[in-house]
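Structure first, commentary second.
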Amino acid sequence: LADFSDISHGKGIPICVATGTHTRHFDLKTQRHRELFSLMHHIVRGDDPEVKQGKPAPDGFLAAARRFEDGPVDPRKALVLEDAPSGVMAAKNAGMNVIMVPDPRLDKSYCDVADQVLASLLDFKPEEWGLPPFEDSQN
């Protein structure tokens, strides 16, 4: 995720986090990754006033789409990376495209709704989604 965030930030691709986790727990969980999360345009947490219902309701993703600096992002143009079935449903309920990177132990039937399923974020090819390709790190 760190490489993805650095590259996205460097290419001017706005990224954010929409999590069902409440602020207090989010801060505890991410305290060792503050630099990574500083690259996000914004973070919408589960206790945000705009989030009336948690996932699989679309509230968090729709709130996140509205908060970009250059104005709201059309949900149909948003790309969500998710690991949980409820998050995939929330993204789809928001009208967004979603790539699922599930726990390998998860029953595959939970992955059916995702637009794409990857075994790892390392398998993500941004050019397949109309985004600039990652540069080969070996060059």
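Going by UniProt numbering, the sequence shown opens with residue 1, and the numbers climb by one from there.
Every residue gets a Cβ at the ideal spot worked out from N, C-alpha and C, and that includes glycine.
These numbers were taken from a predicted model, which means no experiment stands behind them.
Checking the DSSP bridge columns, you'll see Cys111 has no partner listed.
When Cβ pairs closer than 8 Å are counted between the two stretches, the segment 68–83 is seen to touch the segment 95–108, the count reaching three or more.
Buried is the label assigned to Pro58, since at least 16 other Cβ atoms lie within 10 Å of its Cβ. In the displayed model, Leu36 falls within a helix according to three-state DSSP. Listed in chain order, the non-local C-beta contacts of Ala63 below 8 Å within the same chain comprise Ala18, Val44, Asp48, Glu50 and Val51, local neighbours out to five positions each way being set aside. When the beta-carbon positions are compared, Arg67 and Gly95 stay at least 8 Å from each other.
Non-local beta-carbon contacts of Glu127 in its own chain, meaning distances under 7 Å to residues more than five positions away in sequence, involve Pro133 in chain order.
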